[in-house]
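Okay, structure first, notes after.
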Ligand SMILES: Nc1ncnc2c1ncn2[C@@H]1O[C@H](COP(=O)(O)OP(=O)(O)O)[C@@H](O)[C@H]1O
Ligand code: SF4
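Residue numbers (our numbering), protein chains in the order written: chain A, 1 to 264; chain B, 1 to 372.
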């Protein structure tokens with residue numbers, strides 16, 4: 001029955017994750033950069049997660065792939081959209097979740113779910129980089145700071161600055177002129193976090209924000225964005241210990257359901 | 001004279017037949033492709049509507065194939081469609097192409113000017129031939145719509161994914177080749193029985209029903225809407241389009257010629273939400289969404305070109321309709337940068353959403369998620 005191990009793989013634009021589960025227990029997981037070869041990344045992510053779980057691919061009863069690159073995972077039994085997977089994953093981690101906010105490398109999504117983790121409504125921005133991890137990456141490069149350091153740096157901000165352009169190209173030149181004006185990096189970074197939070201919260205208003213909110217995707221690792229967004233939404237958010245694997249976790253949960261359904 | 005016109009879904013089949021039977025040589029643009037789109041985008045004002053850009057691409061590719069006469073329909077109302085013809089003429093002239101353009105204006109109650117316009121295009125023809133050509137055209141329009149209405153029912157139930165779409169391509173080619181009314185009827189009837197003969201699954205709950213509303217060009221043109229109708233069908237949804245060409249012609253062309261301006265029962269459905277004409281099909285979009293909700297559909301998808309004003313008005317009203325009538329609605333906006341990845345993700349998620357809603361409403365038992 002659901003005692004057999006299953007896997008979920010999430011192939012995103014920047015990172016590929018795999019989660020191995022048995023019952024309600026996560027046995028192993030992995031997070032790797034996607035790179036140019038998404039199929040290779042999926043295979044590698046699975047191999048690493050299996051290794052962490054001390055298993056081999058032969059032990060798996062079912063594999064579900066999700067994410068932008070889900071079509072390039074030929075060895076998956078099924079492919080499911082990341083919206084459904086993030087909903088399942090967030091519900092599993094925080095059963096009281098009603099709103100999931102996923103900010104990844106190239107898109108952001110706001111998903112409203114019911115008490116069983118079913119998707120009730122969603123909105124997605126994949127047209128422009130504003131409000132995505134990509135926006136922050138471009139800005140980190142312009143500021144010559146590490147992406148990972150942005151959250152910490154922004155805590156030191158003393159002065160309130162505003163980045164007015166939503167568009168990445170214009171915002172980048174705004175950043176450049178703020179640097180030229182001698183503004184402190186931490187203040188600029190804080191303004192950038194505000195900008196991402198602003199964009200995502202307006203996406204969120206489209207579907208409506210219900211308590212509790214759980215944030216997923218790589219940008220949830222950025223404390224600055226988490227803080228700004230929490231303020232804008234006027235409520236605290238659940239942040240999973242590994243926000244990047246929530247999609248893969250949801251895929252693994254669906255794997256479990258499908259494996260059961262297949263009469264195993 | 002080598003005549004051409006822009007693509008819009010399967011319109012080339014009946015319109016091509018009409019002109020050929022009036023004794024004109026027709027040079028069709030090749031099927032719309034990435035090249036069409038990039039030609040159109042390079043040569044149109046950036047903020048022009050997407051349909052205009054694709055039209056321009058179609059015309060350029062038709063001229064490359066030897067076309068020298070372009071026919072297009074004019075429009076009415078506050079919407080930009082009314083200026084398409086003139087703008088397109090100027091763009092193509094600016095590029096140095098030699099051609100004649102006929103902009104056929106809607107009759108608006110007077111058929112005289114229309115006939116005169118057509119007369120100068122077609123030259124002397126026997127009235128009998130004109131009537132035959134129009135009947136043949138109409139036969140193809142209605143035939144294709146009948147085939148389509150059956151195809152959307154078969155597709156979600158097909159045992160072998162893709163079979164309905166493959167069969168339809170075949171059938172439509174046959175309808176296109178039919179030179180007479182009788183041959184058209186035969187091709188359509190053969191097509192209907194071929195579709196009905198496609199193996200379909202019999203068990204399980206009925207497929208969810210999804211209404212497709214929005215701007216006419218995007219609704220009807222699979223190249224631009226990234227095959228939304230086929231994709232939804234293959235995800236297991238039965239799709240009903242709000243616009244079928246035959247209905248549209250009945251309402252707008254025939255109704256217009258004879259000025260049968262009965263109040264449209266459909267549009268009164270929109271009244272609680274939108275009381276006035278907003279150009280294009282904005283009002284229809286709202287009205288059809290209400291209609292689908294009343295008929296118990298599981299969801300509605302609105303499709304529109306980026307910056308389309310009438311549909312933006314409708315889009316802002318749909319959330320209220322959705323909430324009050326309890327029907328999930330999703331809007332898809334298309335432009336030259338639309339990627340099928342984004343559209344597929346949304347369509348799959350929307351299908352999951354409406355299936356899970358049926359579970360919640362107790363219409364069906366627990367079901368698996370949409371997967372491919
Ligand atoms: N340690 C970190 N600190 C801050 N931000 C991070 C960190 N790791 C990833 N990110 C952010 O997450 C984004 C990638 O998110 P992810 O969910 O992995 O994307 P995808 O699903 O598209 O592959 C990056 O653009 C970056 O902004
Ligand atoms: S209906 Fe929309 S796409 Fe068509 S002309 Fe008007 S604004 Fe443009």
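Glycine included, C-beta positions come from ideal geometry on N, C-alpha and C. Bear in mind that the values here come from a model prediction, so they are computed numbers and not experimental data.
Residue-level contact by beta carbon holds for residue 341 (chain B) and chain A, with a gap shorter than 8 Å. Against chain B, a Cβ distance below 9 Å from residue 124 (chain A) picks out 342, 345, 346 and 349.
With a cutoff of 7 Å, residue 215 (chain B) counts as near ligand 2, since its C-beta is closer than that to a heavy atom of the ligand. Under DSSP, the beta-bridge partners assigned to residue 241 (chain B) are B:212.
For a cut-off of 8 Å, the C-beta gap from residue 175 (chain B) to residue 184 (chain B) is around 6 Å, short enough to register as a contact. For residue 298 (chain B), there are no C-beta contacts with chain A under 8 Å, since the nearest C-beta of that chain is about 14 Å from it. Closer than 8 Å to the CB of residue 353 (chain B) there is at least one CB belonging to chain A. Proximity of the beta carbon of residue 280 (chain B) to ligand 2 is indicated: a heavy atom of the ligand is located closer than 7 Å. Listed along chain A are 114, 116, 118 and 120, each with a C-beta nearer than 9 Å to that of residue 360 (chain B). If you draw a straight line from the Cα of residue 289 (chain B) to the Cα of residue 321 (chain B), it comes to about 8 Å. Judged by beta-carbon spacing, residue 229 (chain A) lies within the 8 Å limit of residue 197 (chain A), meaning their Cβ atoms are closer than that value. Distance from the Cα of residue 12 (chain B) is smallest, within the candidate group B:50, B:72 and B:252, for B:72.
Exclusion of residue 41 (chain B) from the 7 Å shell around ligand 2 follows from its C-beta lying no nearer than that to any non-hydrogen atom of the ligand. Flagged as an interface residue toward chain A: residue 356 (chain B), by a C-beta distance shorter than 8 Å.
Excluding its 5 nearest sequence neighbours in each direction, residue 199 (chain A) has C-beta neighbours in its own chain below 7 Å: 130, 131 and 166, listed in chain order.
In this structure, DSSP gives residue 48 (chain B) a state outside helix and strand, which the three-state scheme calls coil.
Taking residue 176 (chain A) as the centre and dropping the five residues before and after it, the same chain places the C-beta of 142 closer than 8 Å to its C-beta, in chain order. Within the model, the alpha-carbon separation for residue 9 (chain B) versus residue 144 (chain B) is close to 11 Å. Look at the beta carbons and you see the segment 298–315 of chain B not touching the segment 186–204 of chain B: under three pairs across the two are nearer than 8 Å.
Secondary structure of residue 192 (chain B) (DSSP, three-state): helix.
When Cβ-Cβ separations below 8 Å define contact, residue 132 (chain A) makes no contact with chain B.
For residue 68 (chain A), the chain B residues whose Cβ falls inside 7 Å of its Cβ are 341, in order along the chain.
With a threshold of 7 Å, the Cβ atom of residue 32 (chain A) does not count as near ligand 1, since no heavy atom of the ligand is closer than that. Close to chain B, meaning a Cβ-Cβ distance shorter than 7 Å, is no residue of the segment 22–34 of chain A at all. Distance between residue 271 (chain B) and residue 331 (chain B), taken at the CA atoms: about 21 Å. Counted as a single uninterrupted DSSP element, the beta strand (DSSP E) harbouring residue 330 (chain B) occupies residues 329–334.
Along the segment 214–228 of chain A, none of the residues has a CB nearer than 8 Å to a CB of chain B.
Relative to the Cα of residue 120 (chain A), the nearest Cα in the group A:140, A:97, A:108 and A:126 belongs to A:97. Ranked by how close their Cα comes to the Cα of residue 240 (chain B), the residues B:36, B:280, B:229 and B:93 have B:229 in first place.
Taken through DSSP and simplified to helix, strand or coil, residue 202 (chain B) comes out as coil. Under the DSSP assignment, residue 15 (chain B) falls in the alpha helix (DSSP H) whose first and last residues are 12–21. Annotation: residue 251 (chain A) to residue 220 (chain A) spans about 19 Å, alpha carbon to alpha carbon. For residue 97 (chain A), the secondary structure class from DSSP, reduced to helix, strand or coil, is coil.
Secondary structure note for residue 102 (chain B): its beta strand (DSSP E) is the uninterrupted segment 100–104.
Excluding residues up to 5 positions away in sequence, 26, 28 and 176 lie with their Cβ nearer than 8 Å to the Cβ of residue 16 (chain B) in the same chain.
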